[in-house]
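Read the structure below first, then the notes.
In our numbering, the protein residues as written are 2 to 682.
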């Protein structure tokens with residue numbers, strides 16, 4: 002493992018780009034030129050995709066862009082000491098020391114542990130100072146090798162374990178401690194990639210706790226290892242710190258403990274502040290308590306009293322509800338569509354299906370024979386699955402806010418919403434109401450004899466009572482009136498109005514390719530699908546057609562003008578044909594991530610055209626998913642294909658035009674990464 006970094010992967014006192022994107026691409030080129038990655042462009046795109054989730058610039062002029070990539074052959078470090086420094090997202094300082102940490106997908110645990118050791122070393126001032134003073138690339142390699150492969154030395158075992166791994170081996174005696182000892186805290190750190198920030202935050206918090214005279218034990222939920230803190234350590238802790246950019250695994254272990262929740266970078270930049278806030282929550286009877294189950298998440302440092310920012314938290318809750326609802330929609334909608342395929346559309350008229358399922362069987366077939374009977378069975382099963390749409394949406398919104406105690410009230414609230422005619426709008430409201438009420442009741446400090454009943458009985462009971470009562474007595478009728486007004490507007494839509502709606506839906510579906518805006522448009526379509534009106538079926542057709550445009554347009558563009566795209570992008574383009582045909586908009590994400598300013602606007606224009614044509618041609622769709630493979634549920638199929646082809650061609654044309662106008666004459670991947678041409682790319 003001593004070749005994690007070589008002199009060929011080090012560049013000192015150089016200007017290798019004016020922006021962090023340029024710097025990352027130059028470092029990726031160095032890794033590829035050293036034979037450690039199959040594609041500089043692919044590695045750079047993976048690192049930039051990780052960068053888009055959270056900037057990797059840190060206080061003190063350090064940046065650690067990192068990723069796991071299928072393009073990496075062997076785990077590598079590329080290092081640049083920049084002159085001048087470049088902004089990497091830290092508000093206080095630009096970065097002059099940049100490590101690109103490139104880990105291979107499926108990298109062995111030992112290699113990932115070495116990368117974690119480097120990340121931990123970057124919180125040591127002496128190591129950072131030595132990097133700035135190094136005179137040669139060989140000296141930098143020696144410094145890094147010394148921290149990832151330290152020489153064995155005799156040393157007394159620390160009296161207080163700093164991580165969960167050490168705690169597990171220390172045993173219960175170490176966990177219990179002395180009653181009169183220092184205040185005890187536990188922490189969890191984690192970042193999306195689990196390579197760098199996870200371990201830097203852990204060491205930064207541990208060092209700060211030592212300086213303040215506290216006992217802190219950290220559980221690192223990263224790629225290198227995950228050893229849970231012993232239950233007795235958590236039980237005896239005075240406070241909890243979550244410094245994570247991902248959901249904490251098994252967070253129920255910490256439910257009810259006082260503490261603070263923050264992003265992982267706050268654990269690096271302000272560890273003493275987090276410790277102080279966590280202990281302040283412990284000393285305040287009304288201070289923040291950790292929610293179990295699905296509750297909780299991340300925030301920027303210092304946002305409020307240790308909870309998520311409310312806007313972000315509600316957004317995450319809504320997206321969680323939609324994500325859990327989609328399987329009900331997909332299963333139910335596709336079964337209904339298959340039922341129509343076998344039994345004909347007549348089975349959906351009036352009580353036909355109910356009459357057949359009640360009065361007929363395999364030995365007493367209806368007039369339409371076996372196919373009609375099987376079609377009715379599939380149609381009925383699909384209808385049952387579809388009936389869970391609103392309750393599931395509501396239940397899992399509440400779950401995202403309050404954890405498991407919110408599930409029952411959320412489901413009941415969603416069912417009440419259906420009963421009073423409030424539909425999916427009511428489901429959104431009851432999910433939020435149930436989740437917030439369950440959170441509020443869960444914040445009460447119950448006596449020990451009652452605490453065990455709170456999440457199982459007390460919180461669900463009271464929350465269900467309050468949510469159901471509010472819906473029947475106060476909220477249900479206004480929400481039902483709003484839902485009815487929306488349905489009437491859709492039903493009475495003129496041709497011009499429907500075209501405008503198709504354009505808006507197309508723009509939304511192609512804006513973030515599976516993100517919140519895309520999901521909002523999809524939810525709007527699927528929520529109305531159960532009504533079976535022509536307007537709702539037209540909306541579903543427009544949404545699916547526009548969602549197919551981005552991957553198909555990029556597949557077409559990479560086929561027509563191959564030279565404008567890298568080999569990796571051409572491979573993605575070949576896969577995008579099938580993804581687009583299957584209505585998987587995410588097939589265009591690699592292209593949008595690499596070149597958002599050209600790709601996303603082009604896709605939005607193509608999607609807008611498809612949405613407008615789909616509405617103008619009165620295309621309807623009875624299935625919520627499946628792409629072209631549910632052709633039997635699309636009427637007229639020729640209208641759907643015309644709209645889809647027009648948007649695909651327009652989107653591909655615009656991408657090609659914009660990329661041709663911005664094309665560079667040189668292939669930066671083939672250049673020597675140390676030359677001015679390469680480093681300025």
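Virtual Cβ for every residue (Gly too), placed ideally from N, Cα, C.
As the structure is a prediction and not an experimental result, all values here were calculated from the model.
Residue i vs residue j beta-carbon contact at 9 Å
i: residue 38; j: residue 11; result: no
i: residue 344; j: residue 422; result: no
i: residue 540; j: residue 508; result: no
i: residue 272; j: residue 222; result: no
i: residue 527; j: residue 383; result: no
i: residue 95; j: residue 56; result: no
i: residue 191; j: residue 246; result: yes
i: residue 119; j: residue 5; result: yes
i: residue 582; j: residue 630; result: yes
i: residue 28; j: residue 65; result: no
i: residue 206; j: residue 280; result: no
i: residue 603; j: residue 510; result: no
i: residue 129; j: residue 101; result: no
i: residue 342; j: residue 201; result: no
i: residue 642; j: residue 550; result: no
i: residue 566; j: residue 544; result: no
i: residue 436; j: residue 546; result: no
i: residue 417; j: residue 472; result: yes
i: residue 569; j: residue 77; result: no
i: residue 594; j: residue 49; result: yes
i: residue 69; j: residue 47; result: yes
i: residue 320; j: residue 520; result: yes
i: residue 606; j: residue 553; result: no
Residue i - DSSP class collapsed to helix/strand/coil
i: residue 16; result: coil
i: residue 250; result: coil
i: residue 188; result: strand
i: residue 181; result: In this prediction, residue 181 has a pLDDT of 48, which is less than 50 and means its spatial position is unreliable; nothing more can be read from the coordinates.
i: residue 272; result: helix
i: residue 461; result: helix
i: residue 240; result: strand
i: residue 221; result: strand
i: residue 11; result: strand
i: residue 136; result: coil
i: residue 147; result: helix
i: residue 256; result: coil
i: residue 769; result: The shown model of the chain, from 2 to 682, leaves out residue 769, and the question about it has no answer.
i: residue 30; result: helix
i: residue 4; result: coil
i: residue 290; result: strand
i: residue 245; result: strand
i: residue 540; result: helix
i: residue 204; result: helix
i: residue 324; result: helix
i: residue 261; result: strand
i: residue 38; result: strand
i: residue 635; result: strand
i: residue 216; result: strand
Nearest-angstrom beta carbon gap, residue j and residue i [assumed within contact, 8 Å]
i: residue 254; j: residue 216; result: Between residue 216 and residue 254 the Cβ distance is about 18 Å, and since that is not below 8 Å, they are no contact.
i: residue 626; j: residue 584; result: 6 Å
i: residue 256; j: residue 317; result: Rounded, the Cβ-Cβ distance is 18 Å, inconsistent with contact.
i: residue 220; j: residue 229; result: 6 Å
i: residue 360; j: residue 374; result: Not quite, the Cβ-Cβ distance comes to about 11 Å (not below 8 Å), so this is no contact.
i: residue 85; j: residue 16; result: 7 Å
i: residue 542; j: residue 610; result: The Cβ separation is near 15 Å, so there is no contact.
i: residue 13; j: residue 138; result: 6 Å
is_contact[residue i, chain D] using C-beta, thresh 9 Å
i: residue 312; result: The structure shown contains no chain D, having only a single protein chain.
Ordered list of alpha helix (DSSP H) runs contained in the region 329–382, each at least 4 residues: Fully enclosed alpha helix (DSSP H) runs of 4 or longer: 353–360.
State whether the region 624–644 contacts the region 552–565, with contact taken as three or more CB pairs (one from each stretch) at a distance under 8 Å. no
Which runs of the beta strand (DSSP E) at least 3 residues long sit entirely within the region 41–115? Give them in chain order. 67–70, 77–87, 96–105
Report the residue ranges of all alpha helix (DSSP H) runs contained in full by the region 588–629; include only those spanning at least 4 residues, in chain order. Taking only runs of at least 4 residues, the alpha helix (DSSP H) segments lying wholly in the region 588–629 are 590–595, 597–617.
At a cut of 8 Å, does the region 386–400 reach the region 358–372 through at least three beta carbon pairs? no
Between the region 401–413 and the region 455–471, do at least 3 Cβ pairs fall closer than 8 Å? yes
Per the contact definition of three or more C-beta pairs closer than 8 Å, is the region 416–431 in contact with the region 346–362? The answer is no - the region 416–431 does not touch the region 346–362, with fewer than three Cβ pairs under 8 Å.
contact_flag[the region 237–245, the region 259–274] where n(CB pairs < 8 Å) is 3 or more: They touch, by the three-pair rule.
In chain order, what are the residue ranges of uninterrupted alpha helix (DSSP H) at least 4 long that sit wholly in the region 412–464? The region 412–464 contains these whole alpha helix (DSSP H) runs: 424–443, 449–452.
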